[in-house]
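I have placed the structure first, in the form of structure tokens, so that the comments after it can refer back to it.
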Ligand SMILES: [Zn+2]
Ligand SMILES: [Zn+2]
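Residue numbers (our numbering): 1 to 81.
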């Protein structure tokens with residue numbers, strides 16, 4: 001379930017060179033604990049060692065659910081309205 005085709009394309013993006021999406025420069029967005037994050041490629045060879053939470057889709061502007069806290073593993077998904 002994604003807000004638009006561009007987001008879906010990115011989340012489904014896979015490449016033969018990089019099995020790990022965090023290592024692939026073509027992957028921009030990662031789903032993180034119910035929310036969405038933009039890869040921060042400050043790791044070795046551009047590895048996405050972390051993500052920055054994004055509140056809105058960069059392509060269509062749809063408001064995105066927030067990333068859940070790490071220590072709240074079983075956080076239920078909240079409806080965004
Ligand atoms: Zn979108
Ligand atoms: Zn790649």
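For glycine and all other residues, C-beta sits at the position ideal for the given N, C-alpha and C.
Residue nearest to residue 22 within the set 61, 47, 69 and 56 is 47 (criterion: CA-CA distance). For residue 33, the secondary structure class from DSSP, reduced to helix, strand or coil, is coil.
Scanning its chain for C-beta atoms nearer than 7 Å, with the 5 sequence neighbours on each side dropped, one finds around residue 28 the residues 10, 38 and 39, in chain order. Going by beta carbons, residue 54 and residue 33 fall outside the 8 Å limit. Where residue 54 is concerned, there is no enclosing beta strand (DSSP E), because DSSP gives it neither an H nor an E. Exclusion of residue 10 from the 7 Å shell around ligand 2 follows from its C-beta lying no nearer than that to any non-hydrogen atom of the ligand. One residue after another in chain order, those with a Cβ under 6 Å from a heavy atom of ligand 2 are 15, 17, 18, 24 and 26.
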